[in-house]
Amino acid sequence: MDHLSGDEYVEEEEEIGFGLEDSDEEYRTEVNCRGLPDDEWHSDVLVSPQNSGSENESEDRPQPGPFQTYEKQKSMTDYKWKVGTVFADKAHFIEAIRTYVVHIGRALKFVKNDKRRVRVRCMGGQGKCPWTTYCGYLPSRQFWQLRKIKDTHICSRQLNIKILNTKWLSEEIDRCLQDNPNLKVQDIRKKALRKWNTKISISKARRAKLMATRQLIGDFKEQYRRIHDYGHELLRSNPGSTV
Numbered sequence: 001m002d003h004l005s006g007d008e009y010v011e012e013e014e015e016i017g018f019g020l021e022d023s024d025e026e027y028r029t030e031v032n033c034r035g036l037p038d039d040e041w042h043s044d045v046l047v048s049p050q051n052s053g054s055e056n057e058s059e060d061r062p063q064p065g066p067f068q069t070y071e072k073q074k075s076m077t078d079y080k081w082k083v084g085t086v087f088a089d090k091a092h093f094i095e096a097i098r099t100y101v102v103h104i105g106r107a108l109k110f111v112k113n114d115k116r117r118v119r120v121r122c123m124g125g126q127g128k129c130p131w132t133t134y135c136g137y138l139p140s141r142q143f144w145q146l147r148k149i150k151d152t153h154i155c156s157r158q159l160n161i162k163i164l165n166t167k168w169l170s171e172e173i174d175r176c177l178q179d180n181p182n183l184k185v186q187d188i189r190k191k192a193l194r195k196w197n198t199k200i201s202i203s204k205a206r207r208a209k210l211m212a213t214r215q216l217i218g219d220f221k222e223q224y225r226r227i228h229d230y231g232h233e234l235l236r237s238n239p240g241s242t243v
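Heads up: the sequence shown at position 174 corresponds to 174 in full-length UniProt numbering, and the numbers run straight through without jumps.
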């Protein structure tokens, strides 16, 4: 089993660029591929919650209305992004972008990432690829919604995916590590190349393995704690019994 020390675990920073001349004025005036002016963003025009009339449904619960809620995809190779798609939070949208990037092998980059919006562009084709998307937070609805998408690539597939980080990779190898605790770093790299046609550095594979290992150990400890507490509760409620 590969030797992993705590000092080797250094999570890489999020790759977020702010040097592409994106301005607030651009967000107010641009039009998405379905003809929706961005000023309609502020009127919540995409969000029109429908009351189902169900007695069990809370009146205060934010509803996405007629728009679909994003669900994690097993494969995003042929995934079609749709304006109006709802995400529970920003983390879900970013995870969806990472998975999409790995599966299609394109050079996407976060060019805007703050508390109310995330914008992503494809940097392939020497920066000429038109693919872009924009997702924003709706405080009144308490969820994130895809506001703009131009779902067309004219660039070639990339082998090195910078947006693929340690956390995403650790979650992908979690099951493999459960089945094979002796999983080697080279095995992780081979898996990435075979499954996603993506190159993974030795250091990133090592950090991902360490993160996944720590998560598994934490899960085992939590399961043991619950069993221990359950045993004590049985003894308390059934004096004289043995567990």
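For each residue, glycine too, the CB sits at the ideal point set by N, CA and C. Fair warning: this is a prediction, and the values are worked out from it, not measured in the lab.
What do you get for residue i, buried or exposed, if any count of 16 or more other CB atoms within 10 angstroms of its CB means buried?
i           : result
GLU59       : Bear in mind that a pLDDT of 45 at GLU59, under 50, signals an unreliable position, so the number given afterwards is only what the model happens to contain. Exposed, by the Cβ-count rule.
ALA96       : buried
ALA212      : buried
LEU210      : buried
GLY127      : exposed
residue 246 : For the chain, the structure presents residues 1 to 243; residue 246 sits outside this window and is missing.
SER170      : buried
GLU172      : buried
ILE154      : exposed
LEU193      : exposed
LEU183      : buried
Since residue i and residue j should fall inside the 8 Å C-beta cutoff, what is the C-beta to C-beta distance between them, to a whole number of angstroms?
i      : j      : result
ARG157 : ARG106 : 7 Å
TYR137 : LYS90  : 7 Å
ASP189 : ILE200 : The sequence shown places Arg at residue 189, not Asp. Indeed they touch by this definition, with Cβ atoms about 5 Å apart.
VAL102 : ILE161 : 6 Å
Which residues does DSSP list as the beta-bridge partners of residue i?
i      : result
GLY136 : ARG117 and GLN145
LEU108 : CYS122
VAL185 : Beta-bridge pairing links VAL185 to no other residue.
VAL86  : THR69 and GLN145
LYS167 : Paired residue(s): none; LYS167 is not in a bridge.
PRO150 : The sequence as given places Lys at residue 150; Pro does not occur at that position. THR132.
For this session: Mind the definition here: the region 148-168 touches the region 200-213 only if three or more C-beta pairs lie below 8 Å; say whether that holds.
Result: Of all C-beta pairs linking the region 148-168 to the region 200-213, three or more are shorter than 8 Å, placing the two stretches in contact.
For this session: May I ask you to verify whether the region 134-149 touches the region 83-103, counting CB pairs closer than 8 Å and requiring at least 3?
Result: yes
Exercise. Given 8 Å as the limit, is there contact between the region 122-136 and the region 67-79, that is, 3 or more CB pairs closer than that?
Worked result: no
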